[in-house]
Amino acid sequence: MPRLFTGIEVPPETGLMLGAFRGGLPGARWVEPSDYHVTLRFIGDVDGGMAEEIAAALAEARSRPPLTLTLDGLASFGGERPHALFARVVPDPDLSELQAEHERILRHLGAEPDTRRFTPHVTLARLKRGAGQDGVAQYLAMQPVFPRLTFTARRVALYSARDSVGGGPYVVEAAYPLEEDPDGLGPD
Numbered sequence: 344m345p346r347l348f349t350g351i352e353v354p355p356e357t358g359l360m361l362g363a364f365r366g367g368l369p370g371a372r373w374v375e376p377s378d379y380h381v382t383l384r385f386i387g388d389v390d391g392g393m394a395e396e397i398a399a400a401l402a403e404a405r406s407r408p409p410l411t412l413t414l415d416g417l418a419s420f421g422g423e424r425p426h427a428l429f430a431r432v433v434p435d436p437d438l439s440e441l442q443a444e445h446e447r448i449l450r451h452l453g454a455e456p457d458t459r460r461f462t463p464h465v466t467l468a469r470l471k472r473g474a475g476q477d478g479v480a481q482y483l484a485m486q487p488v489f490p491r492l493t494f495t496a497r498r499v500a501l502y503s504a505r506d507s508v509g510g511g512p513y514v515v516e517a518a519y520p521l522e523e524d525p526d527g528l529g530p531d
């Protein structure tokens, strides 16, 4: 059974810049830069038939132009017991609308609703329980000023995750282009 999720790929040049933040945090399992992405919807373990239905339904999603995304800083999830270090994605209404569409598609196919609030981000590391809030706070305080990183997302991907510790490697099972004018009809 594949473990699936939808997301937006982080371009290699942006991944290289994010990779500069790797290291110096005890208890961190760093995600490989080639696996950096912005998760839109975690789906979970599904059988092959459902995976095919999901891929087909996503292919029928409405056409959208490329998205410009900006990363503006580092933060962590988990409060006093941090479990992930990430780069924040600046909230964007088009990105939120895309995520909501994926949620609707998956619920229509029978997936349980995702009850977590959508917080767009790029996970850089998963943290062991011993990392602690103080260690993460110290790590964040010692980092140089985070350069705002902007990239254009030109496609959405359906990913599968392989069993591993810390996430990845992730495989793009299907990709759905974001195109300026996919039907050639011009503006509405």
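Going by this note's numbering, the first residue of the sequence shown is number 344, and it counts up by one from there. Glycine residues also receive a C-beta, built at the ideal position from the N, C-alpha and C atoms.
Contact defined as beta carbons within less than 8 Å: I believe Y519 pairs with Y502. What is the distance between those atoms, to the nearest angstrom? The Cβ separation is near 12 Å, so there is no contact.
Alpha carbons only, please: which of T357, G478, V374, R447 is nearest the one belonging to T413? T357
Determine the DSSP secondary structure at H464, reduced to helix, strand or coil. strand
What residue does the alpha helix (DSSP H) around R447 start on, and which one ends it? 436-451
Considering only residues of the same chain and omitting the five flanking positions on each side of P355, which have a CB-CB separation below 8 Å? P376, S377
Which runs of the beta strand (DSSP E) fall wholly inside the segment 405-437 and span at least 3 residues, in chain order? 410-420, 427-432
Just confirm the distance between the C-beta atoms of L521 and R505, as a whole number of angstroms; I'd bet it's less than 8 Å. 26 Å between Cβ atoms; not a contact.
Selected residue, minimal CA-CA separation from Y482, among L410, P425, A400, R491: P425
What residue range does the beta strand (DSSP E) around L492 cover? 492-496
Taking its Cβ as the centre, do 16 or more other Cβ atoms sit within 10 Å of P530, making it buried, or is it exposed? At P530 the pLDDT is 48, less than 50, meaning the model places this residue with poor confidence; the figure from the coordinates comes in the next sentence. Result: exposed.
Between the segment 459-475 and the segment 378-394, do three or more beta carbon pairs fall short of 8 Å? yes
For D531, the three-state DSSP class (helix, strand or coil): Unreliable positioning characterises D531 in this predicted model, as indicated by a pLDDT of 47, which lies under 50. A coordinate reading is not provided.
Report the residue from E403, L410, G370 whose alpha carbon sits nearest the alpha carbon of E352. L410
For G350, name the three-state secondary structure that DSSP assigns. strand
G366: which of G421, R469, D415 sits nearest, CA to CA? R469
Strictly by DSSP, which residues pair up with G387? L347
Please report how far the alpha carbon of F364 lies from the alpha carbon of F429, in whole angstroms. 10 Å
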